[in-house]
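**Q** Dropping the structure in here first, questions after.
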Amino acid sequence: MPILTSPESALMKMLVTARRALGLFQHHDGITGTAKDFVVIDYGKRMLEALMNAKRIIVESMTYLTAKSKSDYKYSNDKPIFNLDESRENHDSLAEKSVIDVSEEGSPVIFFNSLAHNREQVVTVHVNAQNVQVVDGNGAEVPSQTDAFWVIKNRMAPEEFLVSFVVDVPALGSATYLLKRTTKGSKSYGKVTIYNTEAENVPEQSPFTIKTEQEKDFSVENSFLKAEFSGNTGFLKSVTTKDDGKQHKTEVSFVSYGISHGKEKSGAYLFLPDGPAKPINYMSPTIRITRGPIVSEVVVYHQYTEHHVKIFSSPGTDGSAIDIYNLVDISSTGGNIETAMRINTDIQNTDREFFVDLNGFQMIKHKKLDKIPLQANFYPMPSMAFIEDDSYRFSVLSGQSLGMASLEVGQIEIMMDRRLNQDDNRGLGQPVHDNKVTPNRFALLFEKRLKPRPKEKITGFPSLQAHLTSLQLIQPIFVIPKNSETENIPLLPNFKPMQKTLPCEIHLLNFRSLRYSEDDTTHGFKPRKDVAMLLHHLGFDCNFPNRGLKCDSSDGQISFLRLFKELTFKNTKETSLSLNYDQRDVKNGETMSLKPMEIYAYRTELQWMASTY
23 MPILTSPESA
33 LMKMLVTARR
43 ALGLFQHHDG
53 ITGTAKDFVV
63 IDYGKRMLEA
73 LMNAKRIIVE
83 SMTYLTAKSK
93 SDYKYSNDKP
103 IFNLDESREN
113 HDSLAEKSVI
123 DVSEEGSPVI
133 FFNSLAHNRE
143 QVVTVHVNAQ
153 NVQVVDGNGA
163 EVPSQTDAFW
173 VIKNRMAPEE
183 FLVSFVVDVP
193 ALGSATYLLK
203 RTTKGSKSYG
213 KVTIYNTEAE
223 NVPEQSPFTI
233 KTEQEKDFSV
243 ENSFLKAEFS
253 GNTGFLKSVT
263 TKDDGKQHKT
273 EVSFVSYGIS
283 HGKEKSGAYL
293 FLPDGPAKPI
303 NYMSPTIRIT
313 RGPIVSEVVV
323 YHQYTEHHVK
333 IFSSPGTDGS
343 AIDIYNLVDI
353 SSTGGNIETA
363 MRINTDIQNT
373 DREFFVDLNG
383 FQMIKHKKLD
393 KIPLQANFYP
403 MPSMAFIEDD
413 SYRFSVLSGQ
423 SLGMASLEVG
433 QIEIMMDRRL
443 NQDDNRGLGQ
453 PVHDNKVTPN
463 RFALLFEKRL
473 KPRPKEKITG
483 FPSLQAHLTS
493 LQLIQPIFVI
503 PKNSETENIP
513 LLPNFKPMQK
523 TLPCEIHLLN
533 FRSLRYSEDD
543 TTHGFKPRKD
553 VAMLLHHLGF
563 DCNFPNRGLK
573 CDSSDGQISF
583 LRLFKELTFK
593 NTKETSLSLN
603 YDQRDVKNGE
613 TMSLKPMEIY
623 AYRTELQWMA
633 STY
């Protein structure tokens, strides 16, 4: 395969800029929200630039790698062949998804998988046609579901729609799908039910079935689980896992904390509540339910929160989890309020122990203590938390870092946002008033134990399914829509760079291109031939069944021989995480045994073999 040469320096410069921005964000005020407004704005602008640069690198790289003939690829910063999946007005605005201009000939969309495991899961794209047929790279029709796109809670967009379908994307590779405008109409349209209001702006010849109802309990389901909701609040009440028929209490609610009436009050650094949280009254809200063969969704509109719950009919790990998406906006409140999402379950963790991850690396056991203040029982939750009893485990997987607590038996509480009217005299010198509309995403997972948990358990590990569900939540499949202003080029049905995927328990933490020294003016931003590869052997609890996995476990055994189809490794060395200290040479074809809970770093030179595509 010819190597991408023309834009490599430009793309490498973008990558270096993004890496430097990421390093800046690790500052202790940057990651905690305790910086002054002008610093936050500067961080936001840098983050937006880094994000757009990283996405542009992905788009250009996958366009080149997916092109059938590499000579068809032309790098253009002004008129790229494929577009980014979203745009933002500024650094603090919500992303607007790109709307795909669907033609009768077909509009190609590339899906990129950044994980080193094959993935099969549901994706949703925005299109400008309500009658759309989805075809995979081999020309076979793919079952899909078309839904209305709602501008506000009860008003449909006239020329924007959602199409959902299951994609199968290779490890570290891409899959190409074609969206075609048809006259026959989609075989599956979502059926909509709205509570407590009427739908507006519905076209006379709309293919969508829309009905209104008043407060009564309802449910949505797939082949793995059934989710039941309250007709009064629209919130989740219970989840039934169909493999064992067990109904799990899963009561979702939102609560708020006030501030202490003492001399010291809550601020950017301090959380000093005035006592236990108070429930936020959410009676008779607007509720919109969409049911379909691919996706079923419940959306609830409350005073401060737009609360989405989805279940997917998917053979992948996303089919076994409840997807939650919250849009929180407390900017219009009077202040001195801290909001949280609370989930009450029937998990009998009577010892009041719960587990929270430490930077996504390991799980730490904590215990609710009555002898310390309420605020001292909150802990950081970078990516997941779980509670368990002898029979079941309930996990909350998070797409972002937040604070959490387990204040009662069977309960997990997650902080959403805070607005505070005073400084807490810890150095910031201002109140917390720069609130924005904040998106938060979670996955809820109930798992049945294969055998009772051991007594006096010292530590805990996520299941393999929880690990992979978390990775897919944090690293979603990347959507690359075609630029309608450029001509189509012939594309491969998929790009499969790996000869063999990594075992389920081995996570490719980083596959990093290296650059020459700053002092090397000869090469500039041209990348070097050697790369760094960081592998994390995930520690997992094998006492749970695994559903929807597209990989196998190897007990940490891995070999670099024929790992990639067109790449061989040369002069491979195991090195320190900083890449500064070589530890040993890795022989060609050597099978290595990676210890659980360890991160290994390797530096190697890449060599291209004859093309096999």
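Numbered according to my numbering, the sequence shown terminates at residue 635, and the numbering increases by one at each position without gaps. We put the beta carbon where it would ideally sit given N, CA and C, even for glycine. Note that the coordinates shown come from a computational prediction; the quantities given were computed from them, not determined experimentally.
#1: Within 10 angstroms of the Cβ of tryptophan 172, are there 16 or more other Cβ atoms? Answer buried if so, exposed if not.
#2: May I have a chain-ordered list of the beta strand (DSSP E) segments no shorter than 3 residues that lie completely inside the stretch 265-294?
#3: Would you list the one or two residues that DSSP bridges to alanine 57?
#4: I'd like to check one pair, tyrosine 95 with valine 157: are the Cβ atoms closer than 8 Å?
#5: Within 10 angstroms of the Cβ of glycine 573, are there 16 or more other Cβ atoms? Answer buried if so, exposed if not.
#6: Going by the beta-carbon positions, is the gap between proline 484 and methionine 385 smaller than 8 Å?
#7: How far does the alpha helix (DSSP H) with alanine 89 in it extend, from its first residue to its last?
#8: Report buried or exposed for phenylalanine 240, applying the criterion of at least 16 other Cβ atoms within 10 angstroms of its Cβ.
#9: Can you give me the Cβ contacts of leucine 495 inside the same chain, cut-off strictly under 7 Å, excluding the 5 residues immediately before and after it?
#10: Around the C-beta of leucine 599, are 16 or more other C-beta atoms found within 10 angstroms, so that it is buried, or is it exposed?
#11: Look up arginine 471 in the DSSP assignment and say whether it is helix, strand or coil.
#12: Please report the straight-line C-alpha distance between valine 431 and threonine 215, rounded to a whole angstrom.
#13: Return the chain-ordered list of same chain residues with a C-beta closer than 7 Å to the C-beta of lysine 287, the five sequence neighbours on each side being excluded.
#14: Count the other CB atoms, across all protein chains shown, that sit within 10 Å of the CB of serine 245; report buried if there are 16 or more and exposed otherwise.
#15: Check this for me: beta carbons of leucine 493 and alanine 343, under 8 Å apart or not?
#16: Which class does tyrosine 603 belong to by DSSP, given the choice of helix, strand or coil?
#17: Which of helix, strand or coil does DSSP assign to glutamate 250?
#18: Once the 5 residues before and after valine 131 are set aside, which same chain residues still bring their CB inside 7 Å of it?
#19: Per DSSP, what kind of secondary structure is leucine 589 in: helix, strand or coil?
#20: With distances taken from CA atoms, which of Met74, Asp169 and Gly284 is nearest alanine 40?
#21: Write down the C-beta distance between aspartate 59 and aspartate 456 rounded to the nearest angstrom, noting that I regard them as a contact closer than 8 Å.
#22: Going along the chain, which residues of its own chain have a beta-carbon closer than 7 Å to the beta-carbon of leucine 33, five neighbours each way excluded?
#23: Please report the straight-line C-alpha distance between glutamate 596 and glutamate 588, rounded to a whole angstrom.
#24: Can you give me the Cβ contacts of glutamate 126 inside the same chain, cut-off strictly under 6 Å, excluding the 5 residues immediately before and after it?
#25: Glutamine 452 and isoleucine 637 - do their beta-carbons sit closer together than 8 Å?
#26: DSSP state of glutamate 82, grouped into three classes?
#27: Cβ of alanine 488 within 8 Å of Cβ of serine 417?
#28: What residues match up with threonine 231 in a beta bridge as DSSP calls it?
#29: Between alanine 362 and tyrosine 401, is the Cβ-Cβ spacing less than 8 Å?
#30: Identify the continuous alpha helix (DSSP H) that holds glutamate 30 and give its terminal residues.
#31: Among Glu620, Tyr624, Gln629 and Phe591, which one has its Cα closest to the Cα of glycine 611?
#32: Would you report the Cα separation of proline 180 and valine 321, rounded to the nearest angstrom?
#33: Rounded to whole angstroms, what is the Cα-Cα separation between tyrosine 86 and asparagine 516?
#34: Kindly indicate the opening and closing residues of the beta strand (DSSP E) around leucine 391.
#35: Check the DSSP bridge columns for aspartate 345 and list the partner residues they point to.
#36: Tell whether a beta-carbon distance below 8 Å holds between proline 229 and glutamine 152.
**A** Walking through what the data contain:
#1: Counted from its first residue, the sequence shown places residue 172 at position 150. Buried.
#2: 268-279
#3: Position 35 of the sequence shown, counting from 1, holds the residue named residue 57. The partner list for alanine 57 (beta bridge, DSSP) is empty, contrary to what the question assumes.
#4: Indexing the sequence shown from 1 puts residue 157 at position 135. Indexing the sequence shown from 1 puts residue 95 at position 73. Against a cut-off of 8 Å, the Cβ pair of tyrosine 95 and valine 157 comes out as no contact.
#5: As a first step, residue 573 must be located in the sequence shown, where it is residue number 551. The question names glycine, yet the displayed sequence has cysteine at residue 573. Buried.
#6: To locate residue 484, count along the sequence shown from 1; it is residue 462. To locate residue 385, count along the sequence shown from 1; it is residue 363. Yes, the pair counts as a contact, with Cβ atoms nearer than the cut-off.
#7: Counting from one through the sequence shown, the residue named residue 89 turns up at place 67. Per DSSP, alanine 89 belongs to no alpha helix (DSSP H) and is neither H nor E.
#8: Taking the first residue of the sequence shown as 1, we reach residue 240 at position 218. Flag for phenylalanine 240 reads buried.
#9: In the sequence shown, counting from the first residue as 1, residue 495 sits at position 473. Closer than 7 Å at the Cβ level, and outside the excluded window around leucine 495, lie Leu419, Gly421, Arg463 and Ala465.
#10: Position 577 of the sequence shown, counted from the first residue, corresponds to residue 599. Label assigned to leucine 599: exposed.
#11: Working through the sequence shown from its first residue, we reach residue 471 at position 449. Note: arginine 471 maps to coil in three-state DSSP.
#12: Within the sequence shown, numbered from 1, the residue matching residue 431 stands at position 409. Within the sequence shown, numbered from 1, the residue matching residue 215 stands at position 193. Approximately 35 Å between the Cα atoms of the pair.
#13: Within the sequence shown, numbered from 1, the residue matching residue 287 stands at position 265. Closer than 7 Å at Cβ, skipping near neighbours: Ile281, Leu294, Gln444 and Asp446.
#14: The sequence position of residue 245 within the sequence shown is 223, counting from 1. When all chains shown are included, serine 245 counts as exposed.
#15: Here residue 493 refers to the residue found at position 471 when the sequence shown is read from its first residue. Here residue 343 refers to the residue found at position 321 when the sequence shown is read from its first residue. Cβ atoms of leucine 493 and alanine 343: not closer than 8 Å.
#16: Residue mapping note: residue 603 aligns to position 581 of the sequence shown, counting from 1. Tyrosine 603 falls in the coil class under three-state DSSP.
#17: For this step, residue 250 is matched to residue 228 along the sequence shown. Note: glutamate 250 maps to strand in three-state DSSP.
#18: The residue labelled residue 131 in the question sits at position 109 within the sequence shown. Same-chain partners within the cutoff: Ile122, Val147, Tyr199, Leu201, Val501, Ile502, Pro503 and Lys504.
#19: For this step, residue 589 is matched to residue 567 along the sequence shown. It is a strand residue.
#20: Reading the sequence shown from its first residue, position 18 is the one you call residue 40. The shortest C-alpha separation from alanine 40 is found at Met74.
#21: In the sequence shown, residue 59 corresponds to position 37, counting from 1. In the sequence shown, residue 456 corresponds to position 434, counting from 1. Contact holds; Cβ gap of about 6 Å.
#22: On the sequence shown, residue 33 is found 11 positions in, with the first residue counted as 1. Shown here for leucine 33: same chain residues with a beta carbon closer than 7 Å to its own, the five before and five after excluded, namely Ile79 and Glu82 in chain order.
#23: Stepping through the sequence shown from its first residue, residue 596 is reached at position 574. Stepping through the sequence shown from its first residue, residue 588 is reached at position 566. Each residue's alpha carbon lies about 22 Å from the other.
#24: Residue mapping note: residue 126 aligns to position 104 of the sequence shown, counting from 1. Same-chain partners within the cutoff: Arg203.
#25: Because the chain in this structure spans residues 23 to 635, residue 637 falls outside the shown range and cannot be described.
#26: One-based indexing of the sequence shown puts residue 82 at position 60. Looking at glutamate 82 - three-state DSSP - the assignment turns out to be helix.
#27: Taking the sequence shown and counting its residues from 1, one reaches residue 488 at position 466. Taking the sequence shown and counting its residues from 1, one reaches residue 417 at position 395. Contact flag set, yes.
#28: In the sequence shown, the residue the question calls residue 231 occupies position 209. Answer by DSSP bridge pairing, in chain order: Lys213.
#29: What you label residue 362 is simply residue 340 of the sequence shown in a count that begins at 1. What you label residue 401 is simply residue 379 of the sequence shown in a count that begins at 1. Cβ distance not < 8 Å, so alanine 362 and tyrosine 401 don't count as in contact.
#30: By one-based count along the sequence shown, residue 30 stands at place 8. Taken as a continuous stretch (DSSP letters only), the alpha helix (DSSP H) holding glutamate 30 covers 30-47.
#31: As a position in the sequence shown, residue 611 is number 589, starting the count at 1. It is Phe591.
#32: Locating residue 180 in the sequence shown gives position 158, where the first residue counts as 1. Locating residue 321 in the sequence shown gives position 299, where the first residue counts as 1. Cα atoms of proline 180 and valine 321: separation of roughly 20 Å, rounded to the nearest angstrom.
#33: Walking along the sequence shown from the start, residue 86 turns up at place 64. Walking along the sequence shown from the start, residue 516 turns up at place 494. Going by the C-alpha atoms only, they are around 12 Å apart.
#34: Reading the sequence shown from its first residue, position 369 is the one you call residue 391. Element bounds for leucine 391: n/a, residue is neither H nor E.
#35: As a first step, residue 345 is located in the sequence shown; it is residue number 323 there, counting from the start. Under DSSP, aspartate 345 forms a beta bridge with Lys332 and Ala465.
#36: Along the sequence shown, read from residue 1 onward, the residue named residue 229 stands at position 207. Along the sequence shown, read from residue 1 onward, the residue named residue 152 stands at position 130. Yes, they are a contact pair.
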